[in-house]
Amino acid sequence: MSLINIISKDFDIAENLSESRLREVMVDAFAYLIDNDFPKLVQILYKADVDQYKLKELLETAEGSSSAEVIADAYLSRQKAKIETWAKYSQKKDS
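Take 1 as the starting number for the sequence shown in full-length UniProt numbering and just add one per residue.
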């Protein structure tokens, strides 16, 4: 399972994005959700299992970053952690 595959469940994104371009797209998407569809933003973060307390702390302490950037980074980080966990456990199962 790739990062793009996971994210495409919540967002309509191209499959061939570089990681830096993916971050830009996610920042734009979260900026839109903050301004226009906050309930959907909350739903996506809940479904992705982004820690709400950690995110709140990040939002309060982030200097020089927009809320959309902080949220996008937290979301991407959580999705990457899921992939690492899946990979680790699928290797153990195959052993």
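Using N, Cα and C, we set each Cβ at its ideal position, and we do this for glycine too. From a predicted model like this one, the values you see are computed outputs, not experimental measurements.
Rounded to the nearest angstrom, what separates ASN36 and ALA29 at their Cα positions? Near 10 angstroms, if we compare the C-alpha coordinates of ALA29 and ASN36.
Own chain residues within Cβ distance below 8 angstroms of ILE6, not counting five before or after: Around ILE6: GLN79, LYS82 and ILE83.
Between the C-alpha atoms of LYS40 and LEU33, what's the straight-line distance to the nearest angstrom? Note on geometry: alpha-carbon atoms of LYS40 and LEU33 lie some 7 angstroms from one another.
Tell me which same chain residues have a C-beta within less than 8 angstroms of the C-beta of LEU22, skipping the five on either side of it? Excluding residues up to 5 positions away in sequence, LEU3, ILE4, ILE7, ILE13 and LEU76 lie with their Cβ nearer than 8 angstroms to the Cβ of LEU22 in the same chain.
With DSSP as the reference, label ASN16 as helix, strand or coil. Three-state result, ASN16: coil.
Under a three-way DSSP split, which group does LYS40 fall into? In this structure, LYS40 counts as helix in the three-state DSSP scheme.
Quick one: measure Cβ to Cβ for VAL50 and ALA74, integer angstroms, because I've assumed they're closer than 8 angstroms. Going by Cβ atoms, the distance from VAL50 to ALA74 rounds to 5 angstroms, so yes, they are a contact pair.
Whose C-beta lies closer than 7 angstroms to the C-beta of ALA68 among residues of the same chain, with five residues either side of it excluded? Result list for ALA68: VAL27, PHE30, ALA31 and ILE34, in chain order.
CA nearest to the CA of SER20, picked from GLN91, ALA72 and LYS54: In this structure, ALA72 is the residue among GLN91, ALA72 and LYS54 with its C-alpha nearest to the C-alpha of SER20.
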